[in-house]
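See structure below.
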Amino acid sequence: MTRKNALPEKTCPVCGRPFTWRRKWKRCWHEVRYCSERCRRQRRRSETKTIDEKQKRRLNEAGLVSQ
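For the sequence shown, position 51 (counting from the first letter as 1) is numbered 51 according to full-length UniProt numbering, and the numbering increases by one without interruption.
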């Protein structure tokens, strides 16, 4: 049996909290990026928001959208 302090650990890019390996992630640990479903959903929203802001900025620079 593996000791808990010997388990691999990652840091969640959304909340910054460290999280450790879980048995259910045994086959996909290399793909796990977020500590929870909530952080995964939160990340999508912030990425979408950033994309929208970039698009608005480009349109504004082109003079196609007024502020």
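Even glycine gets a Cβ: it sits at the ideal position worked out from N, Cα and C.
Taking Pro13 and Arg33 to be in contact with their CB atoms under 8 Å, please state how far apart those CB atoms are, rounded to whole angstroms. 7 Å
If contacts are defined as beta-carbon pairs under 8 Å, then Arg17 and Cys35 qualify, I think. What distance do you get, rounded to the angstrom? 6 Å
Beta-bridge pairing of Lys10 - partner residues as DSSP gives them: Phe19
If you draw a straight line from the alpha carbon of Gln42 to that of Ala62, how long is it in whole angstroms? 31 Å
Assuming Lys26 contacts Phe19 under a Cβ cut-off of 8 Å, what Cβ separation, rounded to an integer in Å, is found between them? That belief does not hold up - the Cβ atoms of Lys26 and Phe19 are roughly 15 Å apart, past 8 Å.
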